[in-house]
Each structure stands twice: as structure tokens, then as C-alpha cells.
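Trainee: For reference, the structure I am asking about is given below.
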Amino acid sequence: MATLFTRIIEREIPAAIVYEDERVVAFRDIDPQAPVHIVITTRTEIEGLAALPDEGDHLGILNAARKIAESEGLTNGYRLVINQGEDGGQSVPHLHAHLLGGRKLDWPPG
Numbered sequence: 001m002a003t004l005f006t007r008i009i010e011r012e013i014p015a016a017i018v019y020e021d022e023r024v025v026a027f028r029d030i031d032p033q034a035p036v037h038i039v040i041t042t043r044t045e046i047e048g049l050a051a052l053p054d055e056g057d058h059l060g061i062l063n064a065a066r067k068i069a070e071s072e073g074l075t076n077g078y079r080l081v082i083n084q085g086e087d088g089g090q091s092v093p094h095l096h097a098h099l100l101g102g103r104k105l106d107w108p109p110g
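When we follow the numbering used here, the leftmost residue of the sequence shown carries the number 1, and every step to the right adds one.
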């Protein structure tokens, strides 16, 4: 069965898509944790970091994050987070990163 993110990529579920290329799709998070909160996910269903192949769509996440941060005006900084597994906070079994910015981000986050 397709993941939630695959269904967004295939336009079966609506989302505010802000970026896409041949490797990744990025959209605004429906429960933002910062003024800018964008999810960047691979077009290919990869369960998470632990399942990464040496080559593939996941290599596009960092480039997309840089481009999106620039287009969103995050000149004062931003955070890029990848959660792995249930204990790491991963809620969708499809590799993705959260791009957060638009305000000062404290550490530790939680």
C-alpha cells in the first residue's frame, strides 16, 4: 500500500507543494512547528535512514532544502531534521526531512 507521502506525490491527497524535481517533492506541513515548516520527501518509497541505498533519490533532499530555504527567505538560519524509527519520532515510513525556520530555534528542541 502506498504511503501517505506517495499519495501526496501522486496528487491523490492535496498538499501545498512548494518544490519538486526528479528526486524529491516538498510541501508545507499540515501541523507546522515553526513559521516555515516544509516536509521534503523522496519520490521513491524508502522506509527511512536505516534503509538508505548508496545511490538514489535521497541525495536530492539536501539540495532541495538549500533551494527551498533560499526561496522562503530563511537568511538567518534554519533547521533540517530527519527522524528515524518510532522512537526517533518518525510518523510516516517514507524517508523525509523537516525544514524549519522563520524564527529563532532553541536547542534542545524537546
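From the three backbone atoms N, C-alpha and C, an ideal C-beta is built for every residue, glycine too.
1) Taking three-plus beta-carbon pairs below 8 Å as touching, is the segment 46-60 in contact with the segment 73-80?
2) Using 10 angstroms around the beta-carbon of L101, count the other beta-carbons present and answer buried if the total reaches 16, otherwise exposed.
3) Among residues of its own chain, excluding the 5 on either side of H58, which ones have a beta-carbon nearer than 7 Å to its beta-carbon?
4) Among E55, I38, D87 and T44, whose alpha-carbon lies nearest the alpha-carbon of A65?
5) Output the boundary residues of the alpha helix (DSSP H) element that contains E70.
Mentor: So, from the listed chains and residues:
1) no
2) Reading the sequence as shown, one finds Gly at residue 101 and not Leu. Classification for G101: buried.
3) T42, I46, L52 and L95
4) I38
5) G60 to S71
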